[in-house]
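Q: Taken in order, these protein sequences are the chains called A and B. Start counting the first sequence at 1; every next residue gets the next number (the numbering used here). Start counting the second sequence at 1001; every next residue gets the next number (the numbering used here). My structure is below; once you've seen it, I'll send some questions.
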Amino acid sequence: MGCVSKSVKNSRPLSSRIGGLLFVLPSIITVVIFVYGLIIWSVNVSLTNQNSGSKKAIEYVGLKNYTDLIVDERFTHSLLNLVKFTVVFIIGALITGFIMALLLEKGIKGEGFFRSFYLYPMAISFIAMGTVFNWILNSARDEEAGGLNLALQKIGLGFLQNDWYVGEKGAMYAMALPAIWQTSGYVLALFLAGFRGIPDDLREAARVDGASESQIYRHVLFPQLTPTILTILIILGHISMKAFDLIIGINGKSYITQVVAVYMWEATFDSRNYAKGTAIAIVLLLMIAIVVVPYLRYNNKQQAYR
Amino acid sequence: MHKSSFRLVAAAAAIALAVTGCSSGSDSANTDKEFEIFTWWASGGEAAGLQGMIDVYTGQNPETEFINAAVAGGAGVNAKAVLQSRLDANEPPDSFQAHAGMELDGYVRGGQLEDLTSLYASEGWDKIFPADLIKTLTVDGKIYSVPVNIHRANVLWWNPATATKAGVTMAPATLDEFFADLEKFKKAGVTGLALAGKGDWAIAHLLDWMLLASMGADKFEGLYNGSTSWTGPEVAAGIKNFQKALSYGNKGAGNLDWPDAGKLVTSGKAGFFIMGDWASAQWQSDGLKLGTDYTFAAAPGTVGIYQWLSDSFTLPVGAPHRNAAIAWLKVCGSQAGQDAFNPKKGSISARTDADLALYDDYLKSASADWSKDRLVGSTVHGVNGNNAHMAAYSAAVGKYFSGGFKDNAGFAKDLAAAYEAGKA
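Written out as structure tokens, the structure is:
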């Protein structure tokens, strides 16, 4: 194979190589301009005092916008909200997805149906889902209850009725519920692929050695899932940090459930403080980069070995 | 029906032409073929009112093609972002909609708006608009926008049947009477005050009224010119009253937008509701009747004070069809334009000479107050503070409210910081 491709490569005329380059060039140019170019642009704005015409002369202020964020109570509030949301969301989705995968893993009848059945919520946009969950997570209780509180009453779990996303303490945890609901099917699919990737020989070998079913899971299968879990953590982590549409869809820009992306929107488009808005955006970008970049490097290395 | 309404418009246009043909010929400024406005009035009574004003305009300027770049979204949340990007790119529309007052501050300081003071003199608006309004619109001796309507923010709404049941026989004029009535509602097993917490602004709207009611118009205006301190005793007393009022609110307010909270009142589940007079327009389009299904009074403690907000049109610097835009602004400020717009929008004319026969009972009463009351601007709707101030003000209220309205001192500090944010 390698030999063939080599000979093809050598015999390929220059024009076809240029042709190939021409094909990818538009996407390279657009990515360079609209992704990397605009990142540099945003960094540049975040180092100035640009504030929608409130001051005529735009000047560089160094890292002032960033140091201001550290002491900005609004920013730390939205950051803390984001952390709460992320932790509950990721752990919740991991656990529910894992349990569902465990149930399907044995190859039950109609597995294909269940897989797409559980994956289906992924097809719904966050904003549409937000509108629905805005109603489902209504905080009215007892006789006035609707949505989830009413459902809890009907199944005799009335004591679990909750303020959901308007409760002072639990607002962000409640926000994580719809996110978990939506992505656990996806986590299920990833885990299932992870289970399927484990060669049957291993199980059989373990059985021959006299391991019980639970021992096979604990000592043979689960350790093999570590790369899958890492993948899931990265994917959910970056989805979670960018959370915006779900929050807006459920509770608008209300202070209580503001996360970093919502505060960024407010600073940029409501206050029209572009410098502050871009500074928040860059902080968010760095946070996501810290999660994603090591993973990409790890993945590339794995690919290189293959 | 379609045909006849078309004929009507045509006839109106013809008459308008005949009447104004001479004068529009003499200033003959508008030779532009096109004219583009930017608004967020895209549906309902707002769009219908705007169309009424457009009809007046096209009647007077038949040669100009009217382009309406409406971007849908309540209170212009989406529109403002689009508009800002166009202004920053130096591609302004010929005229755009904005709340009158300090909300224009960013545009003014950025040199993005033309001074319209001479238009006020030549059209006689400096005399026909109330003096208080002119005073608020004037920034460093210049006026930058033409108000097309006036809404009132400080209105108390209630359901007569619920009030009778609770033994509330007349509208509370003072805060003391207001709190006494809230107590009556509570005793009758009805939530005293309908609150809408979603997005924080409706609670901020309530605070804006409460501060005004607690300290009076002069001190209140002082908050925005620096003569009243945000951390002083007046604001502290206002916050205390606010806290007390909130304690009579409905549970689960955080889930509700203002129409939901309004429904609590019209359906008899809550007693009072403090909201701007767009509530009346909303309820009438829902088929409710003023007087039987709901009724109103000036909000307690602010009788004789008209807390207003206004939509206005502007002339951006570098407008491609400047003459057409000036012709539009003349329509906006004219009696014919305002009377075509406001009865449909559910607001009153900013002019003191509106043809009241065109307006419903609520608007008639509001118009009467408009001509005689002390006028004070609304904070939450763009008159008193610029965008940065409003965003921070609303967040401060959200923090206080969602935190169970306990930390009064911290709240005052946050409000003070919001005021400073507006000055930065």
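A virtual CB, placed ideally from N, CA and C, is assigned to each residue, including glycine.
1) At a CB distance below 9 Å, what residues from the segment 229-257 of chain A approach chain B? Give them in sequence order.
2) Where does the unbroken alpha helix (DSSP H) through PRO1172 of chain B begin, and where does it stop?
3) Just how far apart, CA to CA, sit ALA1153 of chain B and ASN1090 of chain B?
4) Give the residues of chain B in contact with SER212 of chain A, contact being defined as C-beta atoms less than 8 Å apart.
5) Using beta carbons (cut-off 7 Å, strictly below), is ALA1100 of chain B in contact with chain A?
6) Note down the Cα distance separating GLY92 of chain A from ILE180 of chain A, rounded to an integer number of angstroms.
7) Can you tell me whether DSSP reads GLN1282 of chain B as helix, strand or coil?
8) To the nearest angstrom, how far is it from the Cα of PHE195 of chain A to the Cα of TYR1400 of chain B?
9) For GLU1036 of chain B versus PRO1093 of chain B, is the C-beta distance shorter than 7 Å?
10) According to DSSP, is TYR1248 of chain B part of a helix, a strand, or is it coil?
11) Would a check of beta-carbon distances place VAL71 of chain A closer than 7 Å to chain B?
12) Report the rounded CA-to-CA distance for ALA206 of chain A versus VAL220 of chain A, giving the unit in angstroms.
13) At what residue ranges does the segment 1269-1351 of chain B contain a whole run of the beta strand (DSSP E), taking only runs of 3 or more?
14) Residues of chain B with CB under 7 Å from VAL45 of chain A, in chain order?
15) Can you tell which of B:GLN1243, B:PRO1316, B:PHE1129 and B:ALA1340 has the C-alpha that lies nearest to the C-alpha of GLN1051 of chain B?
16) For ALA1236 of chain B, would you say it is in contact with chain A, using Cβ-to-Cβ distances shorter than 7 Å as the test?
17) Helix or strand or just coil, what does DSSP make of GLU307 of chain A?
18) Roughly how many whole angstroms lie between the Cα atoms of ILE1143 of chain B and THR1039 of chain B?
19) What residues from chain B crowd round SER139 of chain A, counting only those whose CB sits closer than 8 Å?
20) Got a sec, what are the start and stop residues for the alpha helix (DSSP H) ILE29 of chain A sits in?
21) Check whether the Cβ atoms of ILE1203 of chain B and VAL1397 of chain B lie closer than 7 Å to each other.
22) My assumption, with CB atoms under 8 Å, is that GLY1254 of chain B sits in contact with SER139 of chain A. Please give the rounded CB distance.
23) With a threshold of 16 other CB atoms inside 10 Å of the CB of PHE191 of chain A, please say whether the residue is buried or exposed.
24) In this structure, how does DSSP classify LEU1104 of chain B when only helix, strand and coil are distinguished?
25) Does the beta-carbon distance from GLY1045 of chain B to GLY1276 of chain B come in below 7 Å?
26) Hey, out of B:PHE1066, B:ASN1250 and B:LEU1223, whose CA is closest to LEU1182 of chain B's CA?
27) Contact between the segment 1106-1124 of chain B and the segment 1134-1143 of chain B: three or more CB pairs below 8 Å?
28) Scan the segment 1197-1248 of chain B and note each continuous beta strand (DSSP E) run of 3 residues or more that stays entirely inside, going in chain order.
29) Please classify ASN134 of chain A as buried or exposed, where buried requires at least 16 neighbouring CB atoms within 10 angstroms.
30) Suppose you measure from the CA of LYS84 of chain A to the CA of GLU168 of chain A; what does that come to, to the nearest Å?
31) Is SER1312 of chain B buried or exposed, if buried means 16 or more other CB atoms sit within 10 Å of its CB?
32) Under 7 Å, Cβ to Cβ, is there at least one residue of chain E near VAL262 of chain A?
33) For THR1379 of chain B, is the classification buried or exposed, using 16 other Cβ atoms within 10 angstroms of its Cβ as the cut-off for buried?
34) In chain B, which residues lie with their C-beta within 8 Å of the C-beta of GLU143 of chain A?
35) Name, in chain order, the residues that DSSP records as bridge partners for GLN1051 of chain B.
36) Tell me whether ASN44 of chain A is buried or exposed, calling it buried when 16 or more other Cβ atoms sit within 10 Å of its Cβ.
A: In terms of the structure at hand:
1) Flagged, chain order: ASN251, GLY252, LYS253, SER254, TYR255, ILE256 and THR257.
2) Counting along the chain, PRO1172 of chain B falls outside any alpha helix (DSSP H), and DSSP gives it neither H nor E.
3) Between the alpha carbons of ALA1153 of chain B and ASN1090 of chain B lies a distance of about 34 Å.
4) Near SER212 of chain A there are no residues of chain B at all, since even the closest Cβ is about 50 Å away, more than 8 Å.
5) no
6) 6 Å
7) GLN1282 of chain B: helix per DSSP, three-state reduction.
8) 49 Å
9) yes
10) coil
11) no
12) 8 Å
13) 1270-1275, 1295-1298, 1305-1309 and 1311-1314
14) Residues of chain B passing the Cβ test: none, with the nearest at roughly 12 Å.
15) B:ALA1340
16) no
17) The displayed coordinates of chain A run from 1 to 306. Any statement about residue 307 of chain A would go beyond what the structure contains.
18) 20 Å
19) Within chain B, the residues near SER139 of chain A are LYS1251, GLY1252, GLY1254 and ASN1255.
20) 14-31
21) Their beta carbons are under 7 Å apart, which means ILE1203 of chain B touches VAL1397 of chain B by this criterion.
22) 7 Å
23) buried
24) helix
25) With contacts defined as CB atoms closer than 7 Å, GLY1045 of chain B and GLY1276 of chain B fail to qualify as a contacting pair.
26) B:ASN1250
27) Segment contact: the segment 1106-1124 of chain B against the segment 1134-1143 of chain B, three or more CB-CB distances shorter than 8 Å; contact assigned.
28) none
29) buried
30) 13 Å
31) SER1312 of chain B comes out buried.
32) Annotation note: the requested chain E is absent from the structure, which comprises protein chains A and B.
33) buried
34) In chain order: nothing, as chain B lies at least about 12 Å away.
35) None; GLN1051 of chain B has no bridge partner.
36) Around the beta carbon of ASN44 of chain A, fewer than 16 other beta carbons sit within 10 angstroms, so the residue counts as exposed.
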